[in-house]
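Numbering of the sequence shown is given in the working numbering, commencing with residue 22 and proceeding in unit increments.
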Amino acid sequence: MPDEWSNKDFAEDWDNGGAAKHPVRKEHLDMLISIISDGYSSDKYILDLGYGSGQVEEMLYAQIPDANIVGTDNSDVMIELSKKRLGDKFSKLTVINHSLEDIEALELPKGNYQYVISVQALHHLTHDQQKKIFQFVYNTLGSGGSFLFIDRIALDVQTFEQSYKAIYEKMFNKPFEGYKKDIEQKGDYPGTPEEHISWLQEVGFKATCLNKKFDRAFILGVKK
Numbered sequence: 022m023p024d025e026w027s028n029k030d031f032a033e034d035w036d037n038g039g040a041a042k043h044p045v046r047k048e049h050l051d052m053l054i055s056i057i058s059d060g061y062s063s064d065k066y067i068l069d070l071g072y073g074s075g076q077v078e079e080m081l082y083a084q085i086p087d088a089n090i091v092g093t094d095n096s097d098v099m100i101e102l103s104k105k106r107l108g109d110k111f112s113k114l115t116v117i118n119h120s121l122e123d124i125e126a127l128e129l130p131k132g133n134y135q136y137v138i139s140v141q142a143l144h145h146l147t148h149d150q151q152k153k154i155f156q157f158v159y160n161t162l163g164s165g166g167s168f169l170f171i172d173r174i175a176l177d178v179q180t181f182e183q184s185y186k187a188i189y190e191k192m193f194n195k196p197f198e199g200y201k202k203d204i205e206q207k208g209d210y211p212g213t214p215e216e217h218i219s220w221l222q223e224v225g226f227k228a229t230c231l232n233k234k235f236d237r238a239f240i241l242g243v244k245k
């Protein structure tokens, strides 16, 4: 079954440690923060699609205290968790309660958006919905702006099962069968890095995969 982000117990369990269970998550988030903190211009905006409990915002404000950040999410539970996490900094964040399934109706504060980010927020959407989000992001960014996209990707387990099994069990110290069952039950729609790059290019981005490990990829799209 899909993840239940509006379920208080589920969301709190994820926020209290579940998010850290994947060893690649921290590595990718560190890369994300490094890229933004190195290039951010103080008069511009950062948009986080599906910002959740504010973990990324906490890291960004630690590096860029005056960052102009807009975060969207459609889970009241996650927004409340972000309020607790960010404390006084929550007042700096512009929060929009909106579903990514209806991205074309999303109305943003006016500004020059230098970065749009999305961390583990799109793989539960259909491929057509993801493509619409990529188009929205391209239209939102200013010239030279960047889309930083971290998400779960599709694996060809049928063809490469032995190798993926060995890697997974080394990384997680758990049976691979449990992973396969969990992924099947979620009913998500992850794409391959090649598909994501192709979709980004179709809407006008220059795109590349910055980093890929097991079932996680960090993909960059730049608006030229």
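Here a beta-carbon is modelled for each residue, glycine too, at the ideal position from N, C-alpha and C. Computed from a predicted structure; not experimentally measured.
Of the candidates Arg106, Ser96, Phe181, Met99, the residue whose Cα lies closest to the Cα of leucine 81 is Arg106.
Secondary structure of valine 224 (DSSP, three-state): coil. The segment 68 to 82 makes contact with the segment 133 to 150: 3 or more CB pairs, one atom from each, lie closer than 8 Å.
The beta strand (DSSP E) runs of length 3 or more contained entirely in the segment 150 to 188 are, from start to end of the chain, 162 to 173. DSSP, read as helix, strand or coil, puts lysine 244 in coil. Residue pairing of asparagine 37 in beta bridges, as defined by DSSP: absent, with no partner found.
Where aspartate 69 is concerned, the enclosing beta strand (DSSP E) starts and stops at 66 to 70. Around the beta carbon of glutamate 78, a 10 Å sphere encloses 16 or more other beta carbons of the protein chains shown; the residue is thus reported as buried.
In the three-state scheme derived from DSSP, where H, G and I count as helix and E and B as strand, alanine 238 is classed as strand.
Inter-residue distance for asparagine 194 and serine 62 is about 42 Å (C-alpha atoms, whole angstroms).
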